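There are 2 protein chains.
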Amino acid sequence: MQTITLRVEGMSCNHCKQAVEGALKKLTGVERAEVNLAEKKVTVWYDETGATVEQMKEAIEDQGYDVVDG
Amino acid sequence: MQTITLRVEGMSCNHCKQAVEGALKKLTGVERAEVNLAEKKVTVWYDETGATVEQMKEAIEDQGYDVVDG
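Protein sequence lines, in the order shown, are assigned to chains G and Z. Sequential numbering of the first sequence, starting at 2, is according to this note's numbering. Sequential numbering of the second sequence, starting at 2, is according to this note's numbering.
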């Protein structure tokens, strides 16, 4: 199990939190996803044999949010 | 058919817009509901033989938003 924290722009409310967490949890290998709205971050717990970080970023962007590098 | 415009606090994104419009459209007699996020308002087109304005306010508050008087 690995974890990664991504910075996400545009999440403004609990619906946004649910949308991002839900999209991540649908990916193979993602065990848990937790958004911190105030910090504009999402932390993902995942099995590295499943979805890639690139696929996680795409899942977030498909929900209409921007993943910010760095 | 009547229309009313209510002032709603706390709607921050398109998910909020969908939540409020969806909750209103579920009420008997509500034909149309349209949120303006920038103006913090929702306009409702409704048949006066159906749900009351009080019930509309409750439906909005049940979604977690505040209806502001005046």
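Just so you know, even glycine gets a beta-carbon here, dropped at the ideal spot from N, CA and C. As the structure is a computational prediction, the values presented were derived from the model and not from experiment.
is_contact[residue i, chain G] using C-beta, thresh 9 Å
i: residue 65 of chain Z; result: yes
i: residue 15 of chain Z; result: yes
i: residue 20 of chain Z; result: yes
Simplified DSSP assignment, three categories, for residue i
i: residue 7 of chain Z; result: strand
i: residue 27 of chain G; result: coil
i: residue 18 of chain Z; result: helix
i: residue 63 of chain Z; result: helix
i: residue 42 of chain G; result: strand
i: residue 55 of chain Z; result: helix
i: residue 49 of chain Z; result: coil
Alpha carbon of residue i to alpha carbon of residue j, nearest angstrom
i: residue 67 of chain G; j: residue 61 of chain G; result: 7 Å
i: residue 21 of chain Z; j: residue 69 of chain Z; result: 14 Å
i: residue 39 of chain G; j: residue 54 of chain G; result: 22 Å
i: residue 16 of chain G; j: residue 17 of chain Z; result: 7 Å
i: residue 32 of chain Z; j: residue 48 of chain Z; result: 7 Å
i: residue 6 of chain G; j: residue 24 of chain G; result: 15 Å
i: residue 9 of chain Z; j: residue 51 of chain G; result: 42 Å
i: residue 43 of chain Z; j: residue 59 of chain Z; result: 14 Å
i: residue 35 of chain Z; j: residue 64 of chain Z; result: 15 Å
i: residue 46 of chain Z; j: residue 19 of chain G; result: 30 Å
i: residue 4 of chain Z; j: residue 26 of chain Z; result: 13 Å
Option in the options with minimal Cα separation from residue i
i: residue 41 of chain Z; options: Z:13, Z:52, Z:19; result: Z:13
i: residue 28 of chain G; options: G:65, G:64, G:63, G:56; result: G:56
i: residue 30 of chain Z; options: Z:6, Z:10, Z:2, Z:65; result: Z:2
Within-9 Å CB hit, residue i to chain Z
i: residue 11 of chain G; result: yes
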